[in-house]
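Protein chains in written order, with the numbering used here: chain A, 18 to 136; chain B, 18 to 136.
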């Protein structure tokens, strides 16, 4: 166990990667098929762009998200979940189900016209 | 939908309640059977006591945790998950399973000698 971590509890370590109010919403957007910086920024929660840039960087560094140019040699980037990121689906689904069950007037977001839906 | 919330997405609303690195660890401790302020403070992650006090207050206010005197009329309090809080078990379990699968050298915490185990 590395001393740079708080403990070897898998919950604690997962929260070291994703434990704030914004990171999981970016991951939600990726599951909804969003791939572009502007798409994340346009989500209804209104993530501040400085936080968005920092969280995307952190997710790429942690191996949860890949970043590549939208067109070869282009400057515009697109972001996708890696297998490690996609495996967060049960976590997101458990959060969604809990919110639907316990928080009034919530509605699950529907994916766009992409194949990467919530299932 | 109230304007005081970021959106009506159940994931966003859940994160409004529990979306930071510490709150879910307090909930983990409650699932592990810990009920006392000192027990939460003694967890290996070393939550700062000012953050612990604030998070417990927030969890009580949100209806996830109940607080009552350890002895009638006493000043020492004990904390327990309410039904709303206990229903977070699938979220915690999905986090734990993801951490065990993807983060090396993690070990699930074992509950103490209480009936409220991880199952």
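Backbone N, C-alpha and C define an ideal beta-carbon position, used for all residues, glycine too.
- Residue 94 (chain A): member of the beta strand (DSSP E) spanning 94-98, first to last residue.
- Near chain B, meaning a CB-to-CB distance below 8 Å, the residues of the stretch 51-79 of chain A are 60, 61, 62, 63.
- For residue 75 (chain B), there is no enclosing beta strand (DSSP E); the enclosing alpha helix (DSSP H) has its first and last residue at 66-78.
- Between residue 24 (chain B) and residue 62 (chain A), the beta carbon gap of about 5 Å places them in contact (Cβ cut-off 8 Å).
- Put simply, of A:54, A:29, A:34, A:27 the residue whose alpha carbon is nearest the alpha carbon of residue 102 (chain A) is A:34.
- Residues are counted here when their Cβ sits less than 7 Å from a Cβ of chain A; for the stretch 85-109 of chain B these are 101, 104, 105, 107, 108, 109, given in chain order.
- Look at residue 84 (chain A) here: in three-state DSSP terms it is strand.
- Put simply, the backbone Cα of residue 44 (chain B) is about 8 Å away from that of residue 98 (chain B).
- With distances taken between CA atoms, residue 81 (chain A) lies nearest to A:100 out of A:100, A:37, A:67, A:68.
- As computed with DSSP, residue 37 (chain A) is found in a beta bridge with B:37.
- Taking 9 Å as the threshold, the shortest C-beta distance from residue 27 (chain B) to chain A falls below it.
- The stretch 88-96 of chain A makes no contact with the stretch 47-58 of chain B: fewer than 3 CB pairs, one atom from each, lie closer than 8 Å.
- In the three-state reduction of the DSSP assignment, residue 116 (chain B) falls in the helix class, which pools H, G and I.
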